[in-house]
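*Asks:*
Residue numbers (the working numbering): 6 to 584.
1) Relative to the C-alpha of residue 234, which candidate in 37, 243, 85 has its C-alpha closest?
2) What's the gap between the Cα of residue 436 and the Cα of residue 409?
3) Hey, out of 403, 72, 196, whose CA is closest to residue 97's CA?
4) Quick one: is residue 472 buried, meaning 16 or more other Cβ sit within 10 Å of its Cβ, or exposed?
5) Give the list of continuous beta strand (DSSP E) stretches no shorter than 3 residues that lie fully inside the stretch 275-314.
6) What residue range does the beta strand (DSSP E) around residue 440 cover?
7) Using CA atoms only, rank isn't needed, just tell me which of 314, 229, 424, 152 is closest to residue 220.
8) In angstroms, rounded to a whole number, what distance separates the CA positions of residue 383 and residue 139?
9) I'd like to confirm the pairing. Which residues does DSSP put opposite residue 433 in its beta bridges?
10) Using 10 angstroms around the beta-carbon of residue 549, count the other beta-carbons present and answer buried if the total reaches 16, otherwise exposed.
11) For residue 375, is the classification buried or exposed, using 16 other Cβ atoms within 10 angstroms of its Cβ as the cut-off for buried?
12) Can you tell me whether residue 49 is buried or exposed? The criterion is at least 16 other CB atoms within 10 Å of its CB, across all chains shown.
13) Start and end of the alpha helix (DSSP H) containing residue 329?
14) Taking the alpha carbon of residue 194 as the reference point, which residue from 161, 307, 184 has its own alpha carbon closest?
15) Considering residue 344, what are the terminal residues of the beta strand (DSSP E) in which it resides?
16) Using 8 Å as the cut-off, can you tell me whether the stretch 144-162 makes contact with the stretch 427-447, which would need three or more C-beta pairs spanning the two stretches below that distance?
17) Go through its chain and collect everything with a Cβ distance to residue 13's Cβ below 8 Å, but skip five positions before and after it.
18) Kindly indicate which residue of 396, 434, 369 has the alpha-carbon position closest to the one of residue 156.
19) Specify the secondary structure class of residue 273 as computed by DSSP and reduced to three states.
20) So which of 418, 41, 20 has the shortest CA-CA distance to residue 232?
21) Thinking just about the alpha-carbon of each residue, which of 223, 419, 406, 460 is nearest to the one in residue 428?
22) For residue 344, is the classification buried or exposed, using 16 other Cβ atoms within 10 angstroms of its Cβ as the cut-off for buried?
23) Do residue 283 and residue 264 have their beta-carbon atoms positioned less than 7 Å apart in this structure?
24) Return the CA-CA distance between residue 541 and residue 84, expressed in angstroms with no decimal places.
25) Run through the DSSP bridge pairs and tell me what residue 266 is partnered with.
26) What residue range does the alpha helix (DSSP H) around residue 184 cover?
27) For residue 396, write down the residues that DSSP places opposite it in a beta bridge.
28) In angstroms with no decimal places, state the Cα-to-Cα distance between residue 8 and residue 206.
29) Taking residue 483 as the reference, which of 454, 385, 357 has the closest Cα?
30) Under a Cβ-count criterion, where at least 16 other Cβ atoms within 10 Å of its own Cβ denotes burial, should residue 19 be classed as buried or exposed?
31) Between residue 363 and residue 301, is the Cβ-Cβ spacing less than 7 Å?
32) So, under 8 Å CB-CB, residue 390 and residue 400 are touching, yes? Tell me the CB distance rounded to an integer number of Å.
33) For residue 182, I'd like the list of residues in its chain whose CB is within less than 7 Å of its CB, leaving aside the five on either flank, ordered along the chain.
34) Assign residue 417 to buried or exposed, taking buried as 16 or more other Cβ atoms, counted over all protein chains shown, within 10 Å of its Cβ.
35) Report the three-state DSSP secondary structure of residue 146 (helix, strand or coil).
36) Report yes if the CB atom of residue 209 is closer than 7 Å to the CB atom of residue 297, and no otherwise.
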């Protein structure tokens, strides 16, 4: 209540007398932080070990009694106390198992099916799967081991910032084509896109529904406090948002990101084995949500997004992409054709986007001059600091790529890659964001190879023009057809592309020549490997553990089976063979 009262006493209306978005934000931020520091100041806090939730007071009392008898037996060599210690130890172990079982049964029963993040966090905790670590002890650069936190953070920051520029510098574009060559293939009459005035009700609704678990950016303004103050701060924030749109200037402080490296796999000393998690100011995301809605509406209503794209689009998913591909392949197989599919991998696609080319494409899709100036301001002069073990690096400028961790970033990437299908002449594409597949069908294996090879050259040309690179070693090829048709050997003349029998789409891998029964067997094994099997000392624990295991498996079934069921439904798998 005191926090709200102090916010009400601030003359927020004075913000509306400022005509510069950066100055208006600075004044707003100072006012808000003054009250925030008064009621929720930042303090250093000693991190203690997390309490084990199933160790209740009764168990702790039993543990103290157990430890007492152990000490007495050691101190006096007492056989009596040693027997009491053994009995106490066994009782403690039994009670811990019972209590732990009851705890997880209760938690799984409370799981919200609409909150998979919390559900999987609980399951991972139960099966002992550790979360991705944020702590970095040491790294290796040029055979030198670095252990100083400050030097580690600087090394990570430099590495992440230079990923995109380094790849772009390696692109050798000798093509006679230009960016507009592929854009002009659309031959569209596109209406102009102009920003609409943002209503205060939209901003208020977004603030009221902020996810308070999201971390604050470098501005250190937490989502929880913004949500509490939503009714008071919404009008002044709306003014700053609309001022930004009318002037074509994106607030500089909203461009600064905090980046945390998260370990993926492999050698923990290698910088490339970490994924950068970018955290932007929450206010910037509130603003970007409004711009996303307006821009996506323009693209969607004018049918500007490629029909082959299923990524980052409402009403689309990996399932729609699989249906699109598999339905086509099944139809071709019914007609006695061979289908060749190439799975392409674009290297660090989101980090390599060229800003000049992106702005050119935005202009092509109808974005007007003032709005184009706003997007240029949004993309330019972005900076980031890398945080390792609590130590922040110096700021480094990001000169290419879409803003990681942003709301607009994925949509801007779709716009950038949207014209890729225009370069294809003899194959059909299927895209899920940067995951790209091209496929063609033919009665003749030689013609099939020629069609795919021809369009692979066209894709390479498009990538070079757009300053992107493919990963030849990660490209895979698969041939689909009836058993009789697959007896014809296909010569691809491309030793860098390996043939496979597995369809891997957005981390989901399925064996094409699997029968339905085999696939279900594989999924059953995958599910039950997560169920912990132990020897149970009591019937109560057996029942509870079975309940927990069943609940866990039910929760896992949609994740494991969903894509597989889609493919098996479309294909008559007993007739499907893959080479």
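A virtual CB, placed ideally from N, CA and C, is assigned to each residue, including glycine.
Small disclaimer: the values here were computed from a predicted structure and weren't measured.
*Replies:* Reading off the structure:
1) Here the closest residue by C-alpha is 37.
2) Going from the Cα of residue 436 to the Cα of residue 409 covers about 20 Å.
3) Considering only 403, 72, 196, the residue with the shortest C-alpha distance to residue 97 is 72.
4) Burial call: buried.
5) For the beta strand (DSSP E) assignment, the uninterrupted runs of no fewer than 3 residues enclosed by the stretch 275-314 are, from N- to C-terminal side, 279-284.
6) That run of the beta strand (DSSP E) goes 440-447.
7) That would be 229, whose Cα lies nearest to the Cα of residue 220.
8) It is roughly 29 Å from the alpha-carbon of residue 383 to the alpha-carbon of residue 139.
9) Paired residues: 444.
10) Confidence is the limiting factor: at residue 549 the pLDDT is only 48, short of 50, which leaves the residue's position unreliable, though a coordinate-based value still follows. So residue 549 ends up on the buried side.
11) So residue 375 ends up on the exposed side.
12) Looking at its Cβ environment, which holds fewer than 16 other Cβ atoms inside 10 Å, residue 49 is exposed.
13) 323-339 is the extent of the alpha helix (DSSP H) around residue 329.
14) Of the listed residues, the one whose Cα sits closest to residue 194 is 307.
15) Here the beta strand (DSSP E) through residue 344 covers 343-349.
16) No, they do not touch.
17) Only 237 meet the Cβ criterion.
18) Per the Cα distances, 396.
19) Coil at residue 273, not helix or strand.
20) The residue with the shortest Cα to Cα distance from residue 232 is 41.
21) Taking only the C-alpha atoms, the option nearest residue 428 is 460.
22) That one is buried.
23) Less than 7 Å divides the Cβ of residue 264 from the Cβ of residue 283.
24) With a pLDDT of 38 at residue 541, under the threshold of 50, the modelled position of this residue cannot be trusted; read the value that follows with caution. The alpha-carbon atoms of residue 541 and residue 84 are separated by roughly 29 Å.
25) Residue 266 pairs with 281.
26) That run of the alpha helix (DSSP H) goes 184-188.
27) Residue pairing by DSSP puts residue 396 in a beta bridge opposite 393.
28) Whole-angstrom Cα-Cα distance: 22 Å.
29) That would be 454, whose Cα lies nearest to the Cα of residue 483.
30) Counting other Cβ atoms within 10 Å of its Cβ, residue 19 stays below 16 and is therefore classed as exposed.
31) Remark: C-beta atoms of residue 363 and residue 301 do not approach each other more closely than 7 Å.
32) Confirmed, Cβ separation roughly 5 Å.
33) Closer than 7 Å at the Cβ level, and outside the excluded window around residue 182, lie 466, 470.
34) Buried, by the Cβ-count rule.
35) Reduced to three states, the DSSP call for residue 146 is strand.
36) For residue 209 and residue 297, no; Cβs fall outside 7 Å.
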